[in-house]
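Protein chains in written order, with UniProt numbering: chain A, 1 to 213; chain B, 1 to 213. Here the structure is laid out as structure tokens; the discussion comes afterwards.
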DNA sequence: CGCACCCCTAAGCGCTTGCTCAGCAGCGCG
DNA sequence: CGCGCTGCTGAGCAAGCGCTTAGGGGTGCG
């Protein structure tokens, strides 16, 4: 299976864990609407309409509109955490692992930019308890990335004077892809991943291949 | 003068061009509320309350709630454009100008993170005409930065294979400061500016002082 | 003083919002 | 066939929204 086909399958299965079918259609519709207009500007009537149901049907599967956002945020951030974890726990030098982490993380934010936009920019609409639960997932993602950068610093591969600051910047860079990326833009998700991996490796002072003389 | 009063004074100075006094207080209150909750989750009653007036008073100075966001976005993006312009038109090498641009631009986004958050993340709430007008200001800021990077590429100071992509990444990095920065965090706006200038100069392959052996 | 003018408020209008509830269609099972 | 269960709808409620309007109080000028 090629990389494109693999990703297409992954796309259709983005909400595969949600059942029954009606609940999955609602999640998918909500992500679309939230990404387009924002959580507060989206009405439950709009979500239900996109899913092909009456407004009341939403409340059979979810107690509130906020619960929909909570479910989306949970699934999305767990996926993001797994992506970062796969790169962090792989074999290889810190340079290879950081390049992999940024490439896959940035690519996911481009490919799933609707989902990513919702889970990264609509968090403040969550209830306080749900908010702290979700930001905890974020902190774990952050720690994984920081460890890679710290490893490179310790091994002498990187020259990053301020490890926490650099981690923050790298994460911010990847996350913000979700804000500006559009499918009809000039860059594919793969190209964004490759570009960002290159930029970040230079940023931490790692030796990069062809660009360095 | 206490810290709160000092911040209030600085805050009101940011909108010095807005008069009369009641209109300025409303802008200031709206920025605070929009940054905290988002445009759609903010009520006109909340804005008026923060400004110490009745809900109806808002409509003496602004036709709609959207006009408030439009005024804030216009003033904010013009300020951002002037900051970038000052760095772009300064004397000096591309390295010096890019360092200056990133330092001042990132610092402004940290120092005025409430305003910056509103003007960078609430644009979609503007009317279509206002939206295109404001995004035009953004495009001009983008062009100034791209020219600096192109200059450095032409002179051989930088090694940035993809100038538009690198410009996008640098701008994205600076803008996203507004999302995560808080006044009670571990970094001052000056420190953020210095860190980001250093990271970006490495990113474009410029020769940076002490970090490079 | 008298009067005009500018800001402002109290009250409330029309509408939309998140959410509820009584009831109904379709299906599997005895 | 009848029965109950699941998943859904049509209608609608209370609350809150952006915004309007009629009127009042303070200030400066003749």
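Note that beta-carbon positions come from the ideal geometry of N, C-alpha and C, so glycine has one too.
Do you know whose CA, among the options, lies nearest residue i's CA?
{"i": "residue 75/B", "options": "50/B, 132/B, 27/B", "result": "27/B"}
{"i": "residue 142/B", "options": "13/B, 34/B, 105/B", "result": "105/B"}
{"i": "residue 85/B", "options": "158/B, 29/B, 120/B, 140/B", "result": "140/B"}
{"i": "residue 83/B", "options": "112/B, 71/B, 67/B", "result": "112/B"}
{"i": "residue 171/A", "options": "56/A, 126/A, 81/A", "result": "81/A"}
{"i": "residue 29/B", "options": "18/B, 48/B, 37/B", "result": "48/B"}
{"i": "residue 35/A", "options": "62/B, 122/B, 43/B", "result": "122/B"}
{"i": "residue 53/A", "options": "185/A, 77/A, 21/A", "result": "21/A"}
{"i": "residue 204/A", "options": "158/B, 199/B, 39/B, 148/B", "result": "199/B"}
{"i": "residue 184/B", "options": "92/B, 175/B, 39/B, 110/B", "result": "110/B"}
{"i": "residue 68/B", "options": "96/B, 207/B, 33/B, 189/B", "result": "33/B"}
{"i": "residue 124/A", "options": "39/A, 18/A, 31/A, 14/A", "result": "39/A"}
{"i": "residue 146/B", "options": "156/B, 94/B, 50/B", "result": "94/B"}
{"i": "residue 206/B", "options": "160/B, 24/B, 90/B, 192/B", "result": "160/B"}
{"i": "residue 134/A", "options": "150/A, 180/A, 181/A, 79/A", "result": "79/A"}
{"i": "residue 23/A", "options": "179/A, 176/A, 51/A, 208/A", "result": "51/A"}
{"i": "residue 157/B", "options": "193/B, 96/B, 182/B", "result": "96/B"}
{"i": "residue 92/A", "options": "155/A, 192/A, 25/A", "result": "155/A"}
{"i": "residue 127/A", "options": "18/B, 37/B, 25/B", "result": "37/B"}
{"i": "residue 57/B", "options": "18/B, 25/B, 14/B", "result": "25/B"}
Report the neighbours of residue i on chain A: residues whose CB is nearer than 7 Å to its CB, in chain order.
{"i": "residue 40/B", "result": "38, 40, 41"}
Can you pull the chain A neighbours of residue i, defined as C-beta to C-beta under 8 Å?
{"i": "residue 162/B", "result": "195"}
Can you list the residues of chain B that residue i reaches, using a CB-CB cut of under 9 Å?
{"i": "residue 124/A", "result": "36, 37, 38, 41"}
{"i": "residue 121/A", "result": "121, 179"}
{"i": "residue 81/A", "result": "Within chain B, no residue comes near residue 81/A; the closest Cβ sits about 18 Å away, beyond 9 Å."}
Report the neighbours of residue i on chain A: residues whose CB is nearer than 9 Å to its CB, in chain order.
{"i": "residue 68/B", "result": "Result: empty, since nearest Cβ-Cβ is about 16 Å, beyond 9 Å."}
{"i": "residue 62/B", "result": "In chain order: nothing, as chain A lies at least about 20 Å away."}
{"i": "residue 26/B", "result": "Those within 9 Å of residue 26/B in chain A number zero; the least Cβ separation is about 21 Å."}
Mind listing the chain B neighbours of residue i? Cutoff is C-beta to C-beta under 8 Å, in chain order.
{"i": "residue 98/A", "result": "Chain B residues near residue 98/A: none, gap ~14 Å exceeds 8 Å."}
{"i": "residue 58/A", "result": "The premise fails here: residue 58/A is roughly 19 Å from chain B at the closest Cβ pair, so nothing lies under 8 Å."}
Please report the Cβ distance between residue i and residue j, rounded to the nearest whole angstrom; I am assuming they are in contact, meaning their Cβ atoms lie under 8 Å.
{"i": "residue 130/A", "j": "residue 70/A", "result": "5 Å"}
{"i": "residue 61/A", "j": "residue 138/A", "result": "Not really, about 26 Å apart at Cβ, beyond 8 Å."}
{"i": "residue 152/A", "j": "residue 195/B", "result": "Contact doesn't hold; Cβ gap of about 18 Å is too wide."}
{"i": "residue 101/B", "j": "residue 88/B", "result": "7 Å"}
{"i": "residue 119/B", "j": "residue 73/B", "result": "5 Å"}
{"i": "residue 168/A", "j": "residue 99/A", "result": "That pair is no contact at about 19 Å."}
{"i": "residue 44/A", "j": "residue 63/A", "result": "The pair is not a contact, with the Cβ atoms about 12 Å apart (cut-off 8 Å)."}
{"i": "residue 107/B", "j": "residue 189/B", "result": "5 Å"}
{"i": "residue 31/A", "j": "residue 114/A", "result": "6 Å"}
{"i": "residue 176/B", "j": "residue 176/A", "result": "4 Å"}
{"i": "residue 173/A", "j": "residue 173/B", "result": "5 Å"}
{"i": "residue 103/B", "j": "residue 197/B", "result": "4 Å"}
Members of the segment 166–181 of chain A near chain B, C-beta cut-off 8 Å = If the cut-off is 8 Å between Cβ atoms, the segment 166–181 of chain A has 166, 168, 169, 172, 173, 175, 176, 177, 179, 180 near chain B.
request  = Output the residue ranges of the alpha helix (DSSP H) runs that lie fully inside the segment 31–61 of chain B and measure 4 residues or longer, sorted by chain position.
outcome  = List check, alpha helix (DSSP H) in window: 44–50, 58–61.
Chain B contacts made by the segment 127–153 of chain A, where a contact means CB separation under 8 Å = Residues of the segment 127–153 of chain A with a C-beta less than 8 Å from any C-beta of chain B: none at all.
inquiry  = So within the segment 143–172 of chain A, which uninterrupted alpha helix (DSSP H) runs reach at least 4 residues, ignoring any that extend past its ends?
reply    = none
Runs of alpha helix (DSSP H) lying entirely within the segment 66–122 of chain B, each at least 4 residues, in chain order = 94–111, 113–121
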